[in-house]
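The listed protein sequences derive, respectively, from chains A and B. First residue of the first sequence: 0, per numbering that gives the first Met the number 0; consecutive thereafter. First residue of the second sequence: 0, per numbering that gives the first Met the number 0; consecutive thereafter.
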Amino acid sequence: MRVLVIEDEPRLADNIARSLRESAGYAVDIAHDGQEGLFLAESSEYDVVLLDLMLPQMDGMQLLRRVRQGGQRTPVLVVTARDDKESVVALLNAGADDYLTKPFDLGELLARTKALIRRGKGQPSPVLSVGDLELNTVNRSVQRGGRPISLTAMEYRVLEYLAHRPRAVVSKTELLEHLYDYNWEKFSNVIEVYISGLRRKLDDGSARQLIHTLRGQGYILQDGQP
Amino acid sequence: MVRDLIKLGEIWKGSIKARLIAIVVLSQTLLAAGLLLTGIFYTHRRLLSTLDAGMQARAMSVAALVRYAEDASGNVYFDDTLMPSSLDPAHPDLFAVWTERSGLLTRSSSWPSGLDLPAAGRDHWNFKFAHVHYRGLRVFQVPVLDREEGKAFRPQSLTIVYAAPMHQLDEQVQQAGISIALSSLLLLGATVLLALWGIRRGLLPLQELAAQAGLVSTHNWELHLPDDAQQIKELRPLTQSMTTMLERLHHSFDQQREFMGNAAHELKTPVAVLKSTLQSLLQRPRASEEYRAGLEHSLEDLERLEQLLQWMLRLARAEQWAHGALRRDLQVIDITATCEEAVERIRHLAESRNATVHLSKNGPVLFRADPEDLQLVWINLLENAVRYGPEGGSVEVAVIRENAGPARIVFEDHGAGIALADLPHVFERFYRGDPSRTRSTGGFGLGLAIAKALVEAYGGTIAAESAAGKGTRMTVELPTGRESM
């Protein structure tokens with residue numbers, strides 16, 4: 000998963016990014032002002048955007064409206080110091096999906112971010128299942144047919160992304176874009192490595208294959224042949 | 000008795016109604032007493048003159064009973080067969096007749112022995128006989144009326160004393176007094192009732208006003224003045240001062256609330272930073288260097304938070320002074336000297352930006368103030384000028400005093416200037432024209448607000464002028480000329 004944090008207070012942005020990387024394994028991009036934020040939000044694929052309202056260059060509300068006018072459907076979580084009803088209503092009406100008031104709890108920020116990602120991909124439950132595969136996004140554990148499977152951090156991230164979009168074809172570029180921050184081009188060859196590692200661990204001792212490769216198109220996570 | 004009087008005094012002091020009623024009763028009583036006295040006096044005089052006239056007539060009728068003897072001697076006798084009886088048999092009238100020639104001719108049977116007649120010259124007098132007040136009348140030179148033409152003798156003249164009891168007159172006067180007193184009392188009662196009703200009605204607008212004033216609270220500042228209260232001339236000073244007092248209260252309450260809101264809002268971000276730093280530190284076990292770095296960051300953030308609090312306290316204090324809080328620690332100081340000191344203190348910052356600060360002086364300008372306050376104002380203005388001026392730019396400071404006018408202290412930089420939209424707001428607390436710029440320069444958006452509050456605390460004004468791309472000019476005016484006080 001890839002998250003954009005738009006926050007002008009550098010230390011707060013760093014803390015949020017560190018927490019998202021460490022606790023959820025997400026790739027995080029940081030923008031320190033509204034213009035940079037808008038550019039990144041429009042030019043890259045994000046699974047969720049965390050947006051501060053008081054921003055230099057362009058304030059958060061304006062940015063939100065621009066993003067929504069451009070047809071972007073990425074979930075937006077607004078982090079604001081204002082908690083009066085009027086501004087919350089105005090925020091939600093401008094296209095925000097959720098909001099959090101400062102000072103917030105990092106755990107709550109993580110939980111809300113995860114929930115927004117899930118819902119953005121049509122998955123209401125924090126436990127994703129495909130066939131007899133179960134992926135728990137809260138404690139980041141995976142099991143198949145009741146058997147726990149231990150994955151590396153990157154393998155988990157690939158599987159998590161695929162599990163959020165079961166039965167859909169996910170291209171290598173899409174995977175790269177959502178698993179790495181803006182340097183993703185450098186990692187274009189590593190996806191195959193993670194996919195083969197995942198296949199070995201998931202399908203070990205099981206008759207049914209879960210990850211399928213469509214040559215020239217990408218990967219599908221589903222129970223049985225596509 | 001004394002206690003009752005004290006209680007009455009308290010009622011008098013404690014109630015407008017009681018005061019008004021007391022005044023009404025007092026004036027009515029005085030009026031009634033005056034009326035009573037005049038009435039009695041007048042009635043007494045009228046009755047007395049009637050009595051006197053009656054007595055005169057009766058004395059004349061007594062004179063008519065004096066006859067000449069049938070001989071030619073010219074002697075007289077009193078014919079008492081025709082004497083009318085007294086009106087009041089219990090207290091009969093008294094009379095006596097003297098002739099010129101032979102003295103006492105006759106007197107009534109009830110004539111008291113030893114009755115002192117007054118000295119000649121007084122015709123009327125009062126005396127007491129048999130426990131009854133009498134009024135006496137003495138008539139001199141009454142000719143004997145029984146005169147026949149052609150008599151040779153010289154006609155005689157008589158002296159007649161006639162006295163009648165006055166108890167009827169006294170009774171009548173008393174009755175008149177009682178009836179006047181009674182009607183006055185009735186009138187007094189009616190007046191008091193009328194006054195009570197009138198006062199209650201008259202005070203009604205005051206009650207309505209009080210009821211409306213009771214509805215005013217911190218959630219509802221609107222005071223609906225009743226029409227009555229607005230129209231009554233006597234209430235107008237009260238309603239006017241209530242309205243202006245409410246406006247002032249509302250204004251300062253709003254200011255306080257706004258300040259609280261602003262402060263809370265400004266504190267949220269640094270607290271969020273601190274909290275997130277500590278929470279992310281605790282999310283997983285870390286190396287001791289990581290903990291150390293996290294703690295150092297937290298400490299830095301805390302210091303910034305502390306600074307913000309200090310600035311906010313400084314502003315709150317300055318605003319309190321600006322709203323007229325009393326200050327005793329003022330001394331006569333030289334404004335130019337405080338400017339020199341401020342320029343000295345800003346030197347380090349100016350050097351770091353290769354900026355030069357030039358101060359043009361015109362001799363000492365005296366002013367009664369706390370030098371620390373003025374320096375704080377100058378430093379805030381200088382910091383802004385140096386920070387927002389160009390790298391290597393110059394800042395001009397001038398202290399000007401023309402004749403008896405106010406002292407003007409002007410700060411001019413040649414930086415980017417303030418955007419026209421921001422210019423009216425630069426003195427508002429926490430206002431930052433461009434958040435990114437102040438964040439990098441470490442401002443809180445309080446410096447100019449503090450400067451304004453301090454200048455206003457000394458009765459001065461501060462104004463900002465700016466031209467985009469040319470620079471900003473800040474002008475402070477202080478009312479000098481009262482230093483000798």
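Note that the Cβ used here is the ideal one computed from N, Cα and C, for glycine as well.
Review point. For alanine 450 of chain B, which residues from the same chain have a beta carbon less than 7 Å from its beta carbon, with the 5 sequence-adjacent residues on both sides left out?
Key: The beta carbon of alanine 450 of chain B is closer than 7 Å to those of Val376, Asn379, Leu380 and Ile461 in its chain, skipping five residues each way along the sequence.
Alpha-carbon to alpha-carbon, arginine 344 of chain B and serine 351 of chain B
Rounded to whole angstroms, serine 351 of chain B to arginine 344 of chain B spans 13 Å at the Cα level.
Can a CB atom of chain B be found closer than 7 Å to the CB of serine 42 of chain A?
-> It does not: the Cβ of serine 42 of chain A has no partner Cβ on chain B nearer than 7 Å.
I'd like the ranges of any beta strand (DSSP E) spanning at least 3 consecutive residues and lying wholly in the segment 100 to 177 of chain A. Within the segment 100 to 177 of chain A, the complete beta strand (DSSP E) runs of at least 3 residues are 126 to 129, 132 to 135, 140 to 143 and 146 to 148.
Quick one, which residues of the segment 287 to 305 of chain B are near chain A if we go by CB-CB under 8 Å, in chain order? Listed by position, the residues of the segment 287 to 305 of chain B near chain A (Cβ gap below 8 Å) are His296 and Asp300.
Q. Is glycine 459 of chain B near the ligand MN, going by C-beta to nearest heavy atom under 6 Å?
A. Here there are no bound small molecules, and the ligand MN is not part of this structure.
Q | Span of the alpha helix (DSSP H) around lysine 267 of chain B | A | That run of the alpha helix (DSSP H) goes 235 to 281.
Give a yes or no on whether 7 Å exceeds the smallest Cβ distance from asparagine 188 of chain A to chain B. Not an interface residue.
Would you mind reading off the limits of the beta strand (DSSP E) that contains threonine 105 of chain B?
From DSSP, the beta strand (DSSP E) with threonine 105 of chain B extends over 102 to 106.
>> Bridge partners for tryptophan 124 of chain B per DSSP, in chain order?
In response: BP columns for tryptophan 124 of chain B point to B:Gly135.
- Item | Contacts that threonine 276 of chain B makes with chain A (C-beta to C-beta distance below 7 Å) | For the C-beta of threonine 276 of chain B, the chain A residues within less than 7 Å are, from N- to C-terminus, Arg10 and Asn14.
(Q) Within 10 Å of its beta-carbon, does methionine 484 of chain B have 16 or more other beta-carbons around it, so buried, or fewer, so exposed? (A) Note that methionine 484 of chain B scores a pLDDT of 43, beneath 50, so its modelled location is shaky; the value from the coordinates is reported in the next line. Exposed, because fewer than 16 other Cβ atoms sit within 10 Å of the Cβ of methionine 484 of chain B.
> So is glutamate 305 of chain B buried or exposed if we call it buried at 16+ other beta carbons inside 10 Å?
Replying inline: Glutamate 305 of chain B is classed as exposed because its beta carbon has fewer than 16 other beta carbons within 10 Å across all chains shown.
request  = Could you confirm whether any beta carbon from chain B is found closer than 7 Å to the beta carbon of alanine 80 of chain A?
outcome  = Closer than 7 Å: yes.
Review point. Closer than 7 Å, CB to CB, is lysine 113 of chain A near chain B or not?
Key: No, no contact with chain B.
TODO: Please name the residues in the segment 238 to 254 of chain B whose beta-carbon is closer than 7 Å to at least one beta-carbon of chain A, in chain order.
DONE: So the list is empty, because no residue satisfies the distance condition.
For arginine 346 of chain B, three-class secondary structure by DSSP:
Of the three classes helix, strand and coil, the one that applies to arginine 346 of chain B here is helix, per DSSP.
| query | Apart from the five residues just before and just after arginine 436 of chain B, which ones in its own chain have a Cβ nearer than 6 Å to its Cβ? | reply | Residue placement at arginine 436 of chain B is flagged as unreliable, the pLDDT there being 47, under the threshold of 50; a coordinate-derived value is accordingly withheld.
In the DSSP assignment, the beta strand (DSSP E) including serine 156 of chain B goes from what residue to what residue? 156 to 164 is the extent of the beta strand (DSSP E) around serine 156 of chain B.
With distances taken between CB atoms, is the gap from glycine 470 of chain B to glycine 391 of chain B smaller than 7 Å?
No, the Cβ-Cβ distance between glycine 470 of chain B and glycine 391 of chain B is not below 7 Å.
inquiry  = I'd like to know whether the C-beta atoms of isoleucine 159 of chain B and alanine 56 of chain B end up nearer to each other than 7 Å.
reply    = Annotated as distal: isoleucine 159 of chain B and alanine 56 of chain B, with beta-carbon spacing of 7 Å or more.
- Item | Same chain only: Cβ atoms within 7 Å of leucine 280 of chain B, ignoring 5 sequence neighbours per side | These residues qualify, in order along the chain: Tyr290 and Gly293.
Grouping DSSP H, G and I as helix and E and B as strand, with all else coil, what is phenylalanine 429 of chain B? The answer is coil: DSSP assigns phenylalanine 429 of chain B none of H, G, I, E or B.
Is it buried or exposed, isoleucine 334 of chain B, if we count other Cβ atoms within 10 angstroms and call 16 or more buried? The residue is buried, with at least 16 neighbouring Cβ atoms inside 10 Å.
Checklist entry - Could you give the C-beta distance for leucine 208 of chain B and leucine 47 of chain B, rounded to a whole number, given that I count them as a contact under 8 Å? => result Taking C-beta atoms under 8 Å as the contact rule, leucine 208 of chain B and leucine 47 of chain B fail to qualify, at a distance of about 60 Å.
- With DSSP as the reference, label arginine 65 of chain A as helix, strand or coil. Looking at arginine 65 of chain A - three-state DSSP - the assignment turns out to be helix.
(message) If you reduce the DSSP assignment to three classes, tell me which class aspartate 333 of chain B lands in.
(response) Annotated three-state conformation of aspartate 333 of chain B is strand, per DSSP.
**Report entry** CA nearest to the CA of leucine 64 of chain B, picked from B:Gln173, B:Gly120, B:Phe77 and B:Asp122
**Finding:** Nearest of B:Gln173, B:Gly120, B:Phe77 and B:Asp122 to leucine 64 of chain B, Cα basis: B:Phe77.
At the 7 Å Cβ level, is leucine 17 of chain A part of the contact set with chain B, yes or no?
For the record, residue 17 of chain A in the displayed sequence is arginine; it is not leucine. It does; some Cβ of chain B falls within 7 Å.
Could you please give the first and the last residue of the uninterrupted alpha helix (DSSP H) stretch that includes aspartate 51 of chain B? It spans 15 to 63 - the alpha helix (DSSP H) in which aspartate 51 of chain B sits, taken as one unbroken run.
Check: Terminal residues of the continuous beta strand (DSSP E) containing tryptophan 97 of chain B?
Finding: Note, tryptophan 97 of chain B: beta strand (DSSP E), 93 to 98.
- request: Ignore the nearest five residues each way along the sequence and tell me which others in tryptophan 220 of chain B's own chain have a CB closer than 7 Å to its CB.
  value: Its chain contains Leu245 and His249 as the residues whose beta carbon lies nearer than 7 Å to that of tryptophan 220 of chain B, once the 5 sequence neighbours on both sides are disregarded; these appear in chain order.
ask   = Is the segment 25 to 45 of chain A touching the segment 100 to 108 of chain A, taking contact as three or more C-beta pairs under 8 Å?
value = Because the criterion of three Cβ pairs below 8 Å is not met, the segment 25 to 45 of chain A and the segment 100 to 108 of chain A do not touch.
Whose CA, out of B:Glu295, B:Asp79 and B:Ile179, lies closest to the CA of glycine 38 of chain B?
Comparing Cα-Cα distances from glycine 38 of chain B to each of B:Glu295, B:Asp79 and B:Ile179, the minimum goes to B:Ile179.
| said: For a contact defined as C-beta to C-beta under 7 Å, what are the partners of glutamate 85 of chain A on chain B? | reply: Neighbours of glutamate 85 of chain A on chain B: none; closest Cβ ~13 Å, over 7 Å.
Original post:
In whole angstroms, what separates the C-alpha of aspartate 83 of chain A from that of asparagine 92 of chain A?
Top reply: If you take the alpha carbons of aspartate 83 of chain A and asparagine 92 of chain A, they lie about 14 Å apart.
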